[in-house]
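Engineer: First to last, the protein sequences are chains A and B. Everything in the first sequence is counted per the numbering used here, starting at 103 for the first residue and increasing by one. Everything in the second sequence is counted per the numbering used here, starting at 103 for the first residue and increasing by one. Backbone N, C-alpha and C fix where the C-beta goes; we use that ideal spot for every residue, glycine too. Computed from a predicted structure; not experimentally measured.
2 protein chains.
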Amino acid sequence: MAKTSPFDQKKHAILQEIGVTSEDVPDASPKGTIDELCLPVINLINSHPDMVTTSLCSGRVSVFLEGNKTQSQIGAKGNEGRWLFVTHEPENLENWYDSLDFKYQEAKVIDGTTRYILFKFEPLILHVKCRDLNTANLLFSTAMGCGFRETGIGSNNIVGIRILIKLDIPIGYFDDGKLVLFVSKNYLQVVTKLSLDRFNENFRKMHQLEDAIKDMGVAGIDDIESKEQRRERMIKEGLERREAVRAEKERKKLEKLKLEGKQ
Amino acid sequence: MAKTSPFDQKKHAILQEIGVTSEDVPDASPKGTIDELCLPVINLINSHPDMVTTSLCSGRVSVFLEGNKTQSQIGAKGNEGRWLFVTHEPENLENWYDSLDFKYQEAKVIDGTTRYILFKFEPLILHVKCRDLNTANLLFSTAMGCGFRETGIGSNNIVGIRILIKLDIPIGYFDDGKLVLFVSKNYLQVVTKLSLDRFNENFRKMHQLEDAIKDMGVAGIDDIESKEQRRERMIKEGLERREAVRAEKERKKLEKLKLEGKQ
Numbered sequence: 103m104a105k106t107s108p109f110d111q112k113k114h115a116i117l118q119e120i121g122v123t124s125e126d127v128p129d130a131s132p133k134g135t136i137d138e139l140c141l142p143v144i145n146l147i148n149s150h151p152d153m154v155t156t157s158l159c160s161g162r163v164s165v166f167l168e169g170n171k172t173q174s175q176i177g178a179k180g181n182e183g184r185w186l187f188v189t190h191e192p193e194n195l196e197n198w199y200d201s202l203d204f205k206y207q208e209a210k211v212i213d214g215t216t217r218y219i220l221f222k223f224e225p226l227i228l229h230v231k232c233r234d235l236n237t238a239n240l241l242f243s244t245a246m247g248c249g250f251r252e253t254g255i256g257s258n259n260i261v262g263i264r265i266l267i268k269l270d271i272p273i274g275y276f277d278d279g280k281l282v283l284f285v286s287k288n289y290l291q292v293v294t295k296l297s298l299d300r301f302n303e304n305f306r307k308m309h310q311l312e313d314a315i316k317d318m319g320v321a322g323i324d325d326i327e328s329k330e331q332r333r334e335r336m337i338k339e340g341l342e343r344r345e346a347v348r349a350e351k352e353r354k355k356l357e358k359l360k361l362e363g364k365q
Numbered sequence: 103m104a105k106t107s108p109f110d111q112k113k114h115a116i117l118q119e120i121g122v123t124s125e126d127v128p129d130a131s132p133k134g135t136i137d138e139l140c141l142p143v144i145n146l147i148n149s150h151p152d153m154v155t156t157s158l159c160s161g162r163v164s165v166f167l168e169g170n171k172t173q174s175q176i177g178a179k180g181n182e183g184r185w186l187f188v189t190h191e192p193e194n195l196e197n198w199y200d201s202l203d204f205k206y207q208e209a210k211v212i213d214g215t216t217r218y219i220l221f222k223f224e225p226l227i228l229h230v231k232c233r234d235l236n237t238a239n240l241l242f243s244t245a246m247g248c249g250f251r252e253t254g255i256g257s258n259n260i261v262g263i264r265i266l267i268k269l270d271i272p273i274g275y276f277d278d279g280k281l282v283l284f285v286s287k288n289y290l291q292v293v294t295k296l297s298l299d300r301f302n303e304n305f306r307k308m309h310q311l312e313d314a315i316k317d318m319g320v321a322g323i324d325d326i327e328s329k330e331q332r333r334e335r336m337i338k339e340g341l342e343r344r345e346a347v348r349a350e351k352e353r354k355k356l357e358k359l360k361l362e363g364k365q
């Protein structure tokens, strides 16, 4: 396939950008660099001629302090919102709460302006731009088959691969510069244990997806005519038919002229 | 458009099924009947000739007891899993916890087989089957434009409209027939208040989506030729051209015969 198609140009640009991501040149995510745990699945997808990863998170635990609230911003970054803790690696979870200056006490003042502290487990999320709708449909079915039930195709043949292994837990609030928790340290230990279970399940699903994408292969895609290919073929066939009609008319005209000449 | 297309048959069957859902003939959801809060958006979508709702939840708070665990079933229903409380209506949230026999105490025995009690807020989710990919793309853009950022198109032009206003909170566990909570009643009051905020935000987004779908209208769709329509038109035009070529050949043959007859 020609390397100058819009898809190939986009893929080339993305791969170049990934190439330069480092501690000095971070990307936009809170971690700042590409998630190493994703590298096998990133490399696998990008080695496929018809797919390129546009964004990816291998799964993470985060503790987030909401920003100052204006109208309807639940869990939003907004003004002054910030991550208190983020990790993509289960081994960093041990006693994470000891590194933060939490005050443990029952909730007192809760109103519409309260800035909550949220503990979250977010699973693998993966956006893959595909060359055509056929590849997008194939990747969609592959991901759904692995249990990524929230997967969907968006605009420009970008497939969002999502699964619903989550935790989304308010654990406290911001009170005059203090991080007040309305759950106990014992509770934090429980949700940390539950996050480890979710990390395991998440990595299990990631590997299952990897294997399924390997099986998806390239051959299967080339064998099936995509809608785009079909459209192109039909346009080509349509033009050929039109040309045939035009040629017939031309010949008929010439014959008529010959006929008239003979008469 | 003919009323016997596969889409129209499917739409007819779904509308008939929705018609008979009642307290006596419940559907498969835990509530058992169609969510009344969704009726305006269901009716709006189903009045559109190219769309039909296939499943819908207006948003809900649920308290769920996990089933007995085998391998990797986080939050799964499985064996003996059950809802302890479900409501789609914010007004039912008041003191919901008093209707359940909870024991409040610190977590003690937590291991791989622990059956957790999960408190969840789940926002509006809506699946809409569209007649063709063009309608699906239009609905996708409409929903994304309203902030339903987890929206995606699945197989058979079914659009899954999703938003990420969630709560997913382990609040306790099942211990020898008892529902033990490792959070305080005060904490339940806080998450109930947060659920009310999320219900408000959820309904605000639902109405925003409704308005946007109204604006999407039918005219706009009819003006744009869908891929399916284009395909059909091209097939028709192709057949017409082929017919024209055939007719030309026929005429040419006849003319030749006439010519030969005259010679």
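1) Tell me which residues of the segment 280-303 of chain B have at least one Cβ-Cβ distance to chain A shorter than 9 Å, keeping chain order.
2) Evaluate the contact criterion for the segment 229-236 of chain A versus the segment 147-162 of chain A: three or more CB pairs, one atom per stretch, below 8 Å.
3) Just grab the DSSP bridge partners of residue 157(A) for me.
4) Checking the sheet assignment: what are the DSSP bridge partners for residue 165(A)?
5) Between residue 208(B) and residue 289(A), what straight-line distance do the alpha-carbon atoms span, to the nearest angstrom?
6) Counting only the same chain and skipping the five closest in sequence on each side, list residues whose C-beta sits under 6 Å from that of residue 263(A).
7) With a threshold of 7 Å between beta-carbons, can residue 168(A) be considered close to chain B, or not?
8) Evaluate the contact criterion for the segment 188-202 of chain B versus the segment 286-301 of chain B: three or more CB pairs, one atom per stretch, below 8 Å.
9) Compare the Cα-Cα distances from residue 183(B) to each of 189(B), 157(B), 216(B) and report the closest residue.
10) Please classify residue 214(A): does DSSP put it in a helix, a strand, or coil?
11) What do you get for residue 137(B), buried or exposed, if any count of 16 or more other CB atoms within 10 angstroms of its CB means buried?
12) For chain B, find out if any of its Cβ atoms is closer than 7 Å to the Cβ of residue 269(A); answer yes or no.
13) If you check the beta carbons only, do residue 164(B) and residue 222(B) fall under 7 Å apart?
14) Start and end of the alpha helix (DSSP H) containing residue 317(A)?
15) Could you check which residue in 169(A), 257(A), 297(A) has the C-alpha nearest to that of residue 432(A)?
16) Closer than 8 Å, Cβ to Cβ, to anything on chain B: give me those residues from the segment 237-258 of chain A, in chain order.
17) Determine the DSSP secondary structure at residue 269(A), reduced to helix, strand or coil.
18) Please list, in chain order, all residues of the same chain as residue 358(B) whose beta carbon is under 6 Å from its beta carbon, the five residues on each side excluded.
19) Closest to residue 287(A) by C-alpha separation, out of 202(A), 259(A), 307(A), 355(A), would be which residue?
20) Cutting at 7 Å between CB atoms, please list the residues of its own chain near residue 113(B), excluding the five before and the five after it.
21) Give me whichever residues DSSP pairs with residue 144(A) in a beta bridge.
22) Less than 8 Å between the CB atoms is what I'm expecting for residue 147(B) and residue 315(B), so what's the real figure, rounded?
23) If you measure from the beta carbon of residue 274(A) to each beta carbon in chain B, is any gap under 7 Å?
24) Keeping to the same chain, check which residues put their C-beta closer than 7 Å to that of residue 268(B); ignore five residues upstream and five downstream.
25) In angstroms with no decimal places, state the Cα-to-Cα distance between residue 108(B) and residue 275(B).
26) Is it right to say residue 307(A) is buried, meaning 16 or more other beta carbons lie within 10 angstroms of its own, or is it exposed?
27) Rounded to whole angstroms, what is the Cα-Cα separation between residue 167(A) and residue 187(B)?
28) Residue 212(B) versus chain A: which residues are under 7 Å apart at the beta carbon?
29) From what residue to what residue does the beta strand (DSSP E) around residue 247(A) run?
30) Is the Cβ of residue 262(B) closer than 7 Å to any Cβ of chain A?
Structural biologist: In terms of the structure at hand:
1) Result list: 284, 285, 286, 288, 289, 291, 292, 293, 295, 296, 299, 300, 302, 303.
2) The segment 229-236 of chain A vs the segment 147-162 of chain A: in contact.
3) In the DSSP secondary-structure assignment, residue 157(A) is bridged to 229(A).
4) For residue 165(A), which the question treats as bridged, DSSP gives the partners 187(A), 221(A).
5) Between the alpha carbons of residue 208(B) and residue 289(A) lies a distance of about 8 Å.
6) If we look at residue 263(A) and ignore the five residues flanking it on each side, its Cβ neighbours are 228, 245, 250, 253.
7) No - not a single Cβ of chain B is within 7 Å of the one on residue 168(A).
8) Contact holds: three or more Cβ-Cβ distances are below 8 Å.
9) Residue 183(B) has its Cα closest to that of 216(B), out of 189(B), 157(B), 216(B).
10) If DSSP states are grouped into helix, strand and coil, residue 214(A) belongs with coil.
11) Residue environment for residue 137(B): buried (at least 16 other C-beta atoms within 10 angstroms of its C-beta).
12) With a threshold of 7 Å between beta carbons, residue 269(A) makes contact with chain B.
13) In contact: residue 164(B) and residue 222(B) (Cβ atoms closer than 7 Å).
14) DSSP places residue 317(A) inside the alpha helix (DSSP H), whose first and last residues are 287-318.
15) Only positions 103 to 365 of chain A appear in this structure, which leaves residue 432(A) out of reach.
16) Listed by position along the chain: 239, 242, 243, 246, 252, 253, 254, 255, 256, 257.
17) Residue 269(A): strand per DSSP, three-state reduction.
18) Cβ neighbours of residue 358(B) beyond the five flanking positions: none.
19) By alpha-carbon distance to residue 287(A), the top candidate from 202(A), 259(A), 307(A), 355(A) is 202(A).
20) These residues qualify, in order along the chain: 154.
21) In DSSP, residue 144(A) forms no bridge with anything.
22) About 7 Å separates the Cβ atoms of residue 147(B) and residue 315(B), confirming a contact at the 8 Å cut-off.
23) With 7 Å as the cut-off, residue 274(A) does not count as an interface residue toward chain B.
24) Only 223, 224, 225 meet the Cβ criterion.
25) Each residue's Cα considered, the two are about 48 Å apart.
26) Classification of residue 307(A): buried, given that the 10 Å Cβ count is 16 or more.
27) If you take the alpha carbons of residue 167(A) and residue 187(B), they lie about 29 Å apart.
28) Under a criterion of Cβ atoms nearer than 7 Å, the residues of chain A adjacent to residue 212(B) are, in order, 292, 295.
29) Where residue 247(A) is concerned, there is no enclosing beta strand (DSSP E), although the alpha helix (DSSP H) it sits in stretches over 235-247.
30) Output row for residue 262(B): interface = yes.
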